[in-house]
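Chains as they are written, first to last, in our numbering: chain Y, 1 to 401; chain U, 1001 to 1401; chain G, 2001 to 2401; chain S, 3001 to 3401. Even glycine gets a Cβ: it sits at the ideal position worked out from N, Cα and C.
Number of protein chains: 4
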Amino acid sequence: MDYVNGPGRNHLFVPGPVNIPDQVIRAMSRNNEDYRSPAIPALTKVLIEDVKKIFKTTSGTPFLFPTTGTGAWESALTNTLSPGDRIVSFLIGQFSLLWIDQQQRLKFNVDVVESDWGQGANLDILASKIAEDKAHTIKAICIVHNETATGVTNNLATVRKILDHYQHPALFLVDGVSSICALDFRMDEWGVDVALTGSQKALSLPTGLGIVCASPKALEATKTAKSVRVFFDWNDYLKFYKLGTYWPYTPSIQLLYGLRAALDLIFEEGLDNVIARHGRLGKATRLAVEAWGLKNCTQKEECFSDTVTAVIVPSYIDSSEIVRRAWKRYNLSLGLGLNKVAGKVFRIGHLGNLNELQLLGCLAGVEMVLKDVGYPVKLGSGVAAASAFLQNSTPLIPSRI
Amino acid sequence: MDYVNGPGRNHLFVPGPVNIPDQVIRAMSRNNEDYRSPAIPALTKVLIEDVKKIFKTTSGTPFLFPTTGTGAWESALTNTLSPGDRIVSFLIGQFSLLWIDQQQRLKFNVDVVESDWGQGANLDILASKIAEDKAHTIKAICIVHNETATGVTNNLATVRKILDHYQHPALFLVDGVSSICALDFRMDEWGVDVALTGSQKALSLPTGLGIVCASPKALEATKTAKSVRVFFDWNDYLKFYKLGTYWPYTPSIQLLYGLRAALDLIFEEGLDNVIARHGRLGKATRLAVEAWGLKNCTQKEECFSDTVTAVIVPSYIDSSEIVRRAWKRYNLSLGLGLNKVAGKVFRIGHLGNLNELQLLGCLAGVEMVLKDVGYPVKLGSGVAAASAFLQNSTPLIPSRI
Amino acid sequence: MDYVNGPGRNHLFVPGPVNIPDQVIRAMSRNNEDYRSPAIPALTKVLIEDVKKIFKTTSGTPFLFPTTGTGAWESALTNTLSPGDRIVSFLIGQFSLLWIDQQQRLKFNVDVVESDWGQGANLDILASKIAEDKAHTIKAICIVHNETATGVTNNLATVRKILDHYQHPALFLVDGVSSICALDFRMDEWGVDVALTGSQKALSLPTGLGIVCASPKALEATKTAKSVRVFFDWNDYLKFYKLGTYWPYTPSIQLLYGLRAALDLIFEEGLDNVIARHGRLGKATRLAVEAWGLKNCTQKEECFSDTVTAVIVPSYIDSSEIVRRAWKRYNLSLGLGLNKVAGKVFRIGHLGNLNELQLLGCLAGVEMVLKDVGYPVKLGSGVAAASAFLQNSTPLIPSRI
Amino acid sequence: MDYVNGPGRNHLFVPGPVNIPDQVIRAMSRNNEDYRSPAIPALTKVLIEDVKKIFKTTSGTPFLFPTTGTGAWESALTNTLSPGDRIVSFLIGQFSLLWIDQQQRLKFNVDVVESDWGQGANLDILASKIAEDKAHTIKAICIVHNETATGVTNNLATVRKILDHYQHPALFLVDGVSSICALDFRMDEWGVDVALTGSQKALSLPTGLGIVCASPKALEATKTAKSVRVFFDWNDYLKFYKLGTYWPYTPSIQLLYGLRAALDLIFEEGLDNVIARHGRLGKATRLAVEAWGLKNCTQKEECFSDTVTAVIVPSYIDSSEIVRRAWKRYNLSLGLGLNKVAGKVFRIGHLGNLNELQLLGCLAGVEMVLKDVGYPVKLGSGVAAASAFLQNSTPLIPSRI
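Right, dumping it as structure tokens:
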């Protein structure tokens, strides 16, 4: 089955699915169980409470859908909106593009605000649209917190400020797939109505859980939302939450135990420490890119992503060749450039359960691949720049002091 | 996490999720991988070919959705039908009820053919409806091959005969959740247009794959089907099949490797031997029930299910108490009676990777629980009846001869 | 690798190696670690304290040798005795025979007290030898607590009484391989000087730890013991215990984490409850044997073993055929008859992490095999007898009440 | 249990136990089995044949002892020699010291040839001793192929040449613990009589197998060897080899399946490719050390070890602090300096299932630790030197071309 074995470990630096900690792999290595026995509801009850913490919400209601991020998107939209509803959505890269495609196919009236790939969401345009919309025809703002294709982080606090400034009631829907559990995210403080993530991203689990968290206002919206939904219907879940059995259909037992283990690790490290670690690894990566003489796909510092860095390659190089060669020669998995930036960027994912030396190994690998494909990089230069920063900023591991 | 530990193994006899073979647990105990590397498409390509075998189809196209059976239902319906379409659906137990509920919420015009719980689908009524429908207003027949709530198996060959007899073009949609890989199922021979199953049933995997297989006619139907769909859209998959990358969004790497291992085990045993084994275990279970002096929820021999037996308890006993006690005292997981038969039946699931002695241990446990709750069973009687049959009919394990 | 796959689980009823709980398999599924980091000594320190509890000792010193029971035997002998030393040893079955063979090859002067296989150690002869030995030429008494080949448990309290009665200073060495953690064993109360077990027996781990526990008197004896020893030398361990690094050479990291998980399960259940469970399963097995009309290899009630039952087959049956057929047809692993009782007995091991329904599945299987080989057993009879007892005596699982 | 969790993976660079490939961890994650069923002997038979390949022998006989390297040493000595026998042994570091200690405690007459730590075995002295020994009083030459404490590889071919030159019949005993499966080792070509290794070294398994391989001449020597042995006796094994049951006592089922998986990976990569990879990683490490301005514990190029590099630190630094800090801050496990070189060297193990980027991550970590403890290293310098070599010499992964 593993016919593409190479010696040693695979260095997994795509921006998802990411490395699973051994503790989580162990916790999931188990037989099925009867999900109607008292054990699984008891486990689920606590999980739902604990999941709120990663969204930084106390008033939100989480749903653990057996699906992917794409399904979580669909759940967020269909539970809160009706066909024909006007929504404002920001196109800044491949994943926001795919979400917009879904929004259109679900028959919403999508008001697309496009930026060049590499730029953040244009919130000035949002502000003017909101200012103009006295009639409140805009039912929702849909925004990707972190665009995984370009390594751009949007400013969600500003979105909230705009809505508040104009006292606009639009729902605030956030794709946090490559941000939640890695970047600073504050559902309650920012008044996010629906936030969502996928298990295979910063939570460092296998794919299979689309985690959606709904504000009271979002739950209220389900009453009028006319979009057709069954599998993704929140109210089916809420019915079983009330019964205390929690599941309208069969969950993955293994993912529940895995989520338990993943949250335990995150809480043990401390969510804010986890976020700080991502900040450290993100900055180290950017310092390496700079040392190589290459450009980040995004050039505005306020948009720098701490979970993924998209690196622009010189025009005489095909970035796909970098990705192929990294895998074939160094057992290093990098992210491809997608769609508009295909061939132009490669991506380094630095999210999830990851530490400094793993990243430095990756950076050393990228340097060698760059040289392989003809870019005149100075070997060691990126590692040196990243190390200089990390050697100053990395804390001792608290459990080992 | 395992705060409800008991000594020894859990005896898992709910009709899903079922026991996962150790080989499969091992195959799934792994880190994530880049699903865009050449390895995963190569794995997927072969899986899709091999999955056809469990449907007994050569012309069908399988889709491996990261979802559950409920999602697979939704995928089957929305890809082939339009809101308002007339469909005939059979209500014979809780799972057919849930499917019908979904059909109605998806806005189809559902012509429900109801039978008493414990009876099979009334195909005489189907025949008369089809006979009458000269205008071909019926767009699809939806039927559960094996109703998990009552242990009833429907006769799919007859459905095909009826449609053929009247040359009726209705699509033939089959829920094979608790049948495929366990009962005799022949997609091509029976002209089934969409068949589906869930990974946690006879395939003996964790929950997380909703496997849907579409006939060429079903694929053709997607062109006119107006039901809204994105996550569950077959055409998104087909687009990526053509590209050779196979996945419109992130699959569960672990479940793909698990499916590979599960199929390997099934093919090694031989699919027909697997089905024969289920026949053996089903019959042994029914002989035990008879020896206990209890009744099967279904009384017609042609409806007997070889994957799950629903046992009717005397009216002075609450079947839920049997299930609770089995778990609390003997670490035995039985299935509850659901909805109309709640409290009246308990269910023994005997599907998936299971052998004779596992079943006999379960039957011995059921006997003790029956006595616990006051039913005057003769201890050993069911085991004796089942053993007498099994000792005659169990073949040698081929790999050990 | 698993070319002898059969459907469903293997029913493992040899008297070791026994079933490993899933929690332990999970705990062991891990990469290596640096055993010189602070983590492993900290883990080891607690393990050594906790291991004392399974020996019921506070004054003993445990050693966790990376070896098997045979190595543990060698360690017990060579650390406490000198070549030429007179020892009294009891030959009652294959494992006591093998230990005696080792004693002789290690050049001790072994005074063998032989009994018929199926009988316990003849302690009357011990008493007379001790009575006669005014000169204290007997340096040690070596006794197997539970002879795994014949299912005979010896009375250790009586050995202590005899030694005390004559104020004889002989060391008291006990093979507890198939007893400790399953049968009532009291190192301190019975004045045992060296007790030992293997990880793959009642501790329910993989093979690989030979656990030896030495009394202060046994430790003292190392000073004068002239037997050559290096790998098995306790004093090398004690040196590292003092240093706080614990290991004179590399331990198995995996087995240490496994031992931690195994002890956690035993302590959670309660050691005395574990012993009571073995009592229950042992008695149930004997009731089944009686119901089948067969004889236990030992006929004295005070010698009945609660961890293994050796069943005598009629002379017209070869017991090896029973074992072969059980494996080939029912995926049931039984123990062969060994040496003098080869072909005459088969053995049912009922020790370790095991519950009532697992045993009943095994007993149902034995019944079918007996019938397969031509013994006129009444199918269900053994299960009925065992169930009648178990249905009365099995407690609720405490964590599930 | 994992109370010393840190984020991300542990970087395990001690010279054993080493990283276990995931494929091997998976293969070992399993329940016990009856080792007397036909399955385990069949597995063992093939393993014994395949193990010969890693020793490069066709005439040797391997033994898979459930023990560690220390036990394997004892087995090599006691099966071939008698107390009082004169043996020549080379003291060049901590592990040769420990072996010599064992030899002395086993009562051999050890003729110790000592070198400064960091030097190789003095084979000139061997030559003169052999030349003088016309009476053939020297019964064996004991030599460590690779001294793990100092990173020194001895020249075994020269030992054979010396013996052949003088037609001396002494047995040639080799500790290959940190060499076999990683360095060039040729049992038959070099006329080695006993070679041994431990599973947790280049085979990349958990600790628990002491693998000993005996030449026909060594097997012959067992007939006259008077050293006391039972657990470690080869003839007990040979007796069971002949019977076809293979095991005189219980093996670890898990380690057997693990060995199968480990050998499969080694053979898939190709043993000579595995050795070449170690050569590459060893050289890269030495280039980094040089770039840091530090010295290798051994200075002779012909003694450079490709499995472990001992790095001398400046006298104002305590090398133990480097090891402590690496673990506490960077989750990097390095080897301590032992005994004479304690505090003076730290060690980088680069053996087993390991690749280029793993090593570069380690080297980047060492640089940061060096800076942490006050050594004025230029960050990135070692990585640059190693990368420059690796970028030129690393082949494509064959399975991915």
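Query, Result
"Cβ separation of N1331/U and L12/Y, assumed to be a contact under 8 angstroms, to the nearest whole Å", "The pair is not a contact, with the Cβ atoms about 38 angstroms apart (cut-off 8 angstroms)."
"Reduced DSSP category for T1044/U - H, G, I as helix; E, B as strand; rest coil", "helix"
"Proximal residues of chain Y, C-beta to C-beta of S2029/G below 7 angstroms", "R26 and S29"
"Beta-carbon contacts of D3111/S that lie in its chain and below 8 angstroms, excluding the five residues immediately before and after", "R3086, I3087, V3088, S3089, K3129 and I3138"
"Beta-carbon neighbours of K45/Y, restricted to chain U and to distances below 8 angstroms", "Going along chain U, no residue has its Cβ under 8 angstroms from K45/Y, so there is no contact; the nearest lies around 13 angstroms."
"Within 7 angstroms of chain Y by C-beta, residues of the segment 1371-1388 of chain U in sequence order", "none"
"Contacts around Y237/Y, its chain only, beta-carbon distance under 7 angstroms, and the 5 residues preceding and following it disregarded", "F63 and P248"
"Simplified DSSP assignment, three categories, for G3198/S", "strand"
"Chain-ordered residues of the segment 2321-2353 of chain G with a beta carbon less than 7 angstroms from chain U", "W2327, K2328, R2329, Y2330, N2331, L2332 and N2353"
"Best match in K3107/S, T3057/S and G3151/S for proximity to T3298/S [C-alpha to C-alpha]", "G3151/S"
"Inter-residue CB distance, T207/Y and S1252/U (contact presumed, cutoff 8 angstroms)", "4 angstroms"
"Where the beta strand (DSSP E) containing L379/Y begins and where it ends", "Run containing L379/Y: none; DSSP gives neither H nor E here."
"Beta strand (DSSP E) segment containing D3133/S, residue limits", "No beta strand (DSSP E) contains D3133/S, which DSSP labels as neither H nor E."
"is_contact[D1022/U, chain S] using C-beta, thresh 9 angstroms", "yes"
"Cβ shell of F3389/S (< 7 angstroms), same chain only, five flanking positions each side left out", "K3283, A3284 and L3287"
"Assigned exposure category for N392/Y - 16 Cβ within 10 Å defines buried", "exposed"
"Short CB-CB distance (under 9 angstroms) between F2231/G and chain S", "yes"
"6 angstroms Cβ shell around K3340/S - same chain, five flanking residues per side excluded", "W3117"
"CB contact flag (I3020/S, G3337/S, <9 angstroms)", "no"
"Nearest to N3355/S (by Cα), restricted to the options N3273/S, D3124/S, R3277/S and S3179/S", "R3277/S"
"As assigned by DSSP and simplified to three states, the class of N155/Y", "coil"
"Contact with chain U by V2174/G, beta-carbon distance below 9 angstroms", "no"
"Buried/exposed call for F1267/U, threshold 16 Cβ in 10 Å", "exposed"
"Test: S3037/S CB closer than 9 angstroms to a CB of chain G", "yes"
"Three-state secondary structure assigned by DSSP to C1142/U", "strand"
"Beta-carbon proximity of I397/Y to G3349/S, cut-off 9 angstroms", "no"
"Contact list for A16/Y against chain U, beta-carbon separation under 9 angstroms", "Going by the sequence as given, residue 16/Y is Gly instead of Ala. Per Cβ cutoff of 9 angstroms: N1032 and T1250."
"Presumed contact (8 angstroms Cβ cut-off) between V3289/S and V3311/S, rounded CB distance", "5 angstroms"
"R277/Y at chain G interface by Cβ criterion, 9 angstroms", "no"
"Short CB-CB distance (under 9 angstroms) between R260/Y and chain G", "no"
"Where N19/Y meets chain C, residues with beta-carbon distance less than 9 angstroms", "Although the question refers to chain C, the structure presented lacks it and instead comprises the protein chains Y, U, G and S."
"Where H145/Y falls, given that 16 or more other Cβ within 10 Å makes a residue buried", "buried"
"Where the alpha helix (DSSP H) containing R280/Y begins and where it ends", "L271 to A291"
"Residues bridged to L3173/S (per DSSP)", "C3142/S and V3194/S"
"3 or more residues per run - each beta strand (DSSP E) lying fully within the segment 26-106 of chain Y", "61-65 and 86-91"
"Bridge-paired residues (DSSP) for F346/Y", "V311/Y"
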